[in-house]
Structures are given as C-alpha cells and as structure tokens.
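Just so you know, we're using the working numbering here: the sequence shown kicks off at 1337 and counts up by one.
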Amino acid sequence: MPMMPDTLPRILLVEDDPTSRTFLTAALRATPADVDAVDTLAAALALASSQTYSAWMIDARLPDGTGEELLSRLRERDADTPAIAHTAAHEATVLEALLVAGFVEALVKPMPTATVQAALRRVLGLAAQDAAISALPIVEELPLWDDDAAALALNGNRAHVNTLRDLFVQELAKSVYAISTASERGDLDSVRGDLHRLRASCGFVGAERLAAAVQALQQEPSSSTRLVALEGIAQDTLEHARVVPPSTQLPEAQSAAV
C-alpha cells in the first residue's frame, strides 16, 4: 500500500475571500499538504518571516496590495520557492502578467479541486498523477452524478431524487469528517460503519464517483491514500452542487410515485 510521506509539504495560501479560502485550503490539504491560510499581504509576510514553505499560492488582488507585490517582497527573502497565482480575471493579458511577474502557474477562479491539486503537484515536482487516485480502481470518466441511476433507485420519481440530493449535500461534509476523524483515531469499525451508510446514500442520489471512492476505501479502510482520494472527490461533489443546486438538476417526473 502506498504510504503518506512522513512530512507533508507546507503551503502558504493567501486569499481574502472566506469562501474561496475555505475551498482552497480543503483542496490543498487533500493533495495532501499542510496549509497556513491568511487573508492579507501583511499577514503573509509575517508568516513567511518565521516559516519555510514548499510553495506559495497567492490571490492576485488583496485588500492591502497585489499578488505581484507580495511575490516580489517574498522573493527578497526566498528566491526559489515556487508560487501559484489565482485570480477571478479571465483576460489573457492578466494571466500573462502574473507569469511574467514570476508565478509558475496562474489559475482562474472558480476552479475544481483537481485543478488546484494538479497545479500544486506540478510546482512541487511530483508525479502528474496523484498516487492516491492512481492507486484506486476509479477513472476520471465516472460522472459525479448519475441521474438515471438515481431515478431508477427511486422508481422513477425524480422529484424525490431532488429532495434526497438536497439532504445528501447538506450532510456530506459532516459524513466525510466523521470518516476522517475516525480514521485518525484508528477506529476502523467506525470507519466501516460510516462508509456503509455513505455508500447507501450515494446509491440513492446517484453520486457515482463518490460511491466508487467509498467502495475503494471499504476494501482497504486503513489506506491513507484512499481516504485522501475520497476527501477530494467529496469536495468536488460539493463544489458541483454549489454551481448546480441539487434541486435544479433533475426535472420532475410526469408520473410514478415512490
């Protein structure tokens, strides 16, 4: 079984928007990595003065400066740490300017978890395919949501699917947190029980990719790499649900009640 490294890379994340900061922190931690997240240029400089980082991930616009300015000041102390920029701007000129300023990559928000993790792996010089994903019998082609399977599980009642998906999305983060904390305690019985319940829920709502990750972890509940993969796929599922709310994903059925 592939093992997690004894010492995770430590990343400095600079992002002033609370929602984006929470998402990026979760995505980076699931890569896996340790993350120090701050919301201003000043706070980033304070941390960087006392802590060595494997990479910096910096918002292009901050309340007290720009990403380019912060990178320039960080470079005065450290010429080698790779830096990733992220921005809501889509213009090619903006992205090119960030690269010219010294960022190795410039990501456009919003972006999926996989994009964040792939960028971090690249700048850290890691393999293009994350060991956690490649070790699993899961392919990227699996959809996050299988509408037909969900409808079939509920006798064709798509309105009922919508209702269950709303509940599923509301509880997913809590379910994955319970699995992760039980794993950290070494409580594999709790891990197995929580996985069993989550897999059943995935089947009812058609969360196909997440169900595959759950099944893989059930086969080897002590696997750190499979747990990391499940956490990342759960985050992707939640992010997709925020973009396309579950209650709008499926049209109501013309007939068939459960």
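For every residue, glycine included, the Cβ atom is placed at its ideal position computed from N, Cα and C.
Our two residues, Pro-1354 and Gln-1555, have alpha carbons roughly 36 Å apart in a direct line. With three or more CB-CB distances shorter than 8 Å, the region 1362 to 1370 counts as touching the region 1567 to 1575.
Arg-1545 and Glu-1351 have their C-alpha atoms roughly 29 Å apart.
Around the beta carbon of Leu-1406, 16 or more other beta carbons sit within 10 angstroms, so the residue counts as buried. Looking at the DSSP output, Leu-1398 shares a beta bridge with Gly-1401.
Residue environment: Ala-1382 is assigned as exposed (fewer than 16 neighbouring CB atoms within 10 Å of its CB, all protein chains considered). Rounded to the nearest angstrom, the gap between the Cα atoms of Asp-1416 and Gly-1542 is 45 Å.
Between Met-1393 and Leu-1349, the gap from beta carbon to beta carbon is short of 7 Å. From the listed residues Leu-1563, Ala-1547, Ser-1558, Pro-1368, the smallest Cα separation to Ala-1455 is found for Pro-1368. In terms of Cβ geometry, Ala-1577 and Leu-1566 do not form a close pair [threshold 7 Å]. At the C-beta level, Val-1512 and Ser-1519 stay beyond 7 Å of one another. Within the region 1506 to 1581, there are no complete beta strand (DSSP E) runs of at least 3 residues. Nearest in C-alpha terms to Gly-1403, of all of Glu-1412, Thr-1423, Tyr-1389, is Thr-1423. Residue state for Leu-1344 is assigned as coil, using DSSP reduced to three classes. Here Leu-1460 carries a coil assignment [DSSP, helix/strand/coil]. Rounded to whole angstroms, Ser-1558 and Gly-1522 show a C-alpha spacing of 8 Å. Within the same chain, Ala-1391, Val-1440, Val-1459 come within 6 Å of Pro-1418 by CB-CB distance, once the 5 residues on both sides are set aside. Taking the C-beta atoms as reference points, Ala-1514 is found nearer than 7 Å to Asp-1530.
Within the same chain, Ala-1363, Gly-1568, Gln-1571, Asp-1572 come within 6 Å of Thr-1449 by CB-CB distance, once the 5 residues on both sides are set aside.
Nearest neighbour of Leu-1563 by Cα position, chosen from Leu-1344, Ala-1366, Ser-1356, turns out to be Ala-1366. The beta carbon of Ser-1516 sits closer than 7 Å to the beta carbons of Leu-1563, Glu-1567 from its chain, once the five residues preceding and following it are set aside; these are given in chain order. Leaving aside the five residues that flank Gly-1438 on each side, the residues in its chain whose CB is nearer than 6 Å to its CB run, in chain order, Leu-1407.
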